[in-house]
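Written below as structure tokens is the structure these notes are about.
Residue numbers (full-length UniProt numbering): 1 to 381.
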């Protein structure tokens, strides 16, 4: 087994990490105060290929493997998490369904603009009545001639306020329950009957906007059906499963940043006439943070490799997401503790990471859902 990333991926990872720690972090307070990402940063991210990570080269993307994408996500995790969340919601679950299921006309129509950052994507499955219980979706799509008429409400949809394209899961055959759901490509900004609710005011992840998406007799062309009819739920689960390893990688990057900040602070902050790094209580916290990082990194690398090998990763993707996000929560808490008063104020990034990381244990499957999946797979086998 070779645990070293290929040289080309290490170079890409270093480039993205430098971008996140300089260009993005320099604008972090601006993003926090305005709850929006400056257009010039979006342009720079597009030039670096961040919007086309999972899009094949023939459509203008970078076409990285799962291992390559996750290496980039780890680097992105070291910078502003709201910015990283906006990018990953597009490049992961917002894009992968179209890449996997789209026909050639659909790909030619959307993917080049998505790769260029001109069309931001999102994935709309969550509803007021169906979060962890995705099988309880109530948004309906009724076929009438050459259109599907959609009615229903999605909420907490990442990128919805800025999205040019949403992959929407809706019921097409109520008699089949979760087996009667389909996926649709919806352009929310130009489709009559589709409206975006107010932007959610979240605890953290500023700049990663989310909102309700309301469908009121919205007519979606039948040509925008993504994949076979009544296969949407099954494919949605696959999209979410593969997306979880990316969250594990981002969490690992965030942990690495917090450890780096904590080590630097511990070596310069003095108490009782010496740096606090010389106190064993602080050393223990640093050591525990390092253990969390190393175990999480090995897990996401293994699962990303499994995805690239075409293996079933349902159980292991949940293992990786659960472990990394739970560890990040502990690392963020320890980082604030090491920083002391500085960790609780907004002038330093400790407080921001502490708020931002909390969402990762909730979206794309809560920690509790990950444990349900893990246990079910163990018992099934």
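We put the beta carbon where it would ideally sit given N, CA and C, even for glycine.
Item to check | Which of helix, strand or coil DSSP assigns to residue 36 | outcome: coil
Checklist entry - Is residue 242 helix, strand or coil by DSSP? => result helix
Next on the checklist: Applying the 10 Å Cβ sphere with the 16-neighbour rule, what's the burial state of residue 84?
Outcome noted: buried
Checklist entry - The beta strand (DSSP E) with residue 156 in it runs from where to where? => result 147-158
Item to check | Candidates 354, 41, 36, of which the one nearest residue 203 by Cα | outcome: 354
Item to check | For residue 116, the three-state DSSP class (helix, strand or coil) | outcome: coil
Item to check | Length of the line joining the Cα atoms of residue 182 and residue 229 | outcome: 5 Å
Next on the checklist: With three or more C-beta pairs closer than 8 Å as the rule, is the stretch 188-197 touching the stretch 338-349?
Outcome noted: no
Checklist entry - Could you check where the beta strand (DSSP E) with residue 143 kicks off and where it finishes? => result 140-144
Checklist entry - Quick one, which of 245, 275, 363 has its alpha-carbon nearest residue 68's? => result 245
Next on the checklist: Buried or exposed, going by whether 16 or more other CB atoms sit within 10 Å of the CB of residue 242?
Outcome noted: buried
Next on the checklist: As a quick exercise: from 101, 236, 11, pick the residue whose alpha carbon is nearest that of residue 314.
Outcome noted: 236
Checklist entry - Quick one: is residue 3 buried, meaning 16 or more other Cβ sit within 10 Å of its Cβ, or exposed? => result exposed
Next on the checklist: Buried or exposed for residue 129, going by 16 or more other Cβ atoms inside 10 Å?
Outcome noted: exposed
Checklist entry - Which residues mark the beginning and the end of the alpha helix (DSSP H) in which residue 290 is found? => result 280-308
Checklist entry - Would you call residue 257 buried or exposed, if buried means 16 or more other Cβ atoms sit within 10 Å of its Cβ? => result buried
Checklist entry - Is it buried or exposed for residue 304, if we count other Cβ within 10 angstroms and need 16 for buried? => result buried
Item to check | Residues that DSSP places opposite residue 210 in a beta bridge | outcome: 158
Checklist entry - When the Cα atoms are used, what is the spatial distance from residue 213 to residue 126? => result 10 Å
Checklist entry - What whole-angstrom Cβ distance do residue 157 and residue 122 have, given they're in contact under 8 Å? => result 6 Å
Item to check | Outcome for residue 272 when other beta-carbon atoms lying within 10 angstroms are tallied against a minimum of 16 | outcome: exposed
Checklist entry - Between residue 41 and the rest of its own chain, which residues show a CB-CB distance below 8 Å, the 5 nearest in sequence each way excluded? => result 23, 24, 27, 83
Checklist entry - Per DSSP, residue 122 forms a beta bridge with which residues? => result 166
Next on the checklist: Taking the beta carbon of residue 346 as the centre, do at least 16 other beta carbons fall within 10 Å, making it buried, or is it exposed?
Outcome noted: exposed
Next on the checklist: Does the contact criterion of 3 or more C-beta pairs under 8 Å hold for the stretch 208-225 versus the stretch 142-159?
Outcome noted: yes
Item to check | Limits of the beta strand (DSSP E) - the one that residue 350 falls within | outcome: From DSSP, residue 350 is part of no beta strand (DSSP E) but of the alpha helix (DSSP H) over 349-356.
Next on the checklist: Does the contact criterion of 3 or more C-beta pairs under 8 Å hold for the stretch 288-306 versus the stretch 58-72?
Outcome noted: yes
Checklist entry - Quick one, are the C-beta atoms of residue 115 and residue 52 less than 8 Å apart? => result yes
Next on the checklist: Which of the three DSSP states is assigned to residue 16 in this structure?
Outcome noted: helix
Checklist entry - Considering only residues of the same chain and omitting the five flanking positions on each side of residue 368, which have a CB-CB separation below 8 Å? => result 132
Item to check | Reduced DSSP category for residue 130 - H, G, I as helix; E, B as strand; rest coil | outcome: strand
Next on the checklist: Less than 8 Å between the C-beta atoms of residue 87 and residue 50, yes or no?
Outcome noted: yes
Checklist entry - Run through DSSP, which three-state label would residue 328 get? => result helix
Checklist entry - Relative to the C-alpha of residue 264, which residue among 81, 231, 253, 278 is closest? => result 278
Checklist entry - How many angstroms separate the CA atom of residue 136 from the CA atom of residue 124? => result 14 Å
Next on the checklist: Once the 5 residues before and after residue 180 are set aside, which same chain residues still bring their CB inside 7 Å of it?
Outcome noted: 171, 172, 173, 174, 230
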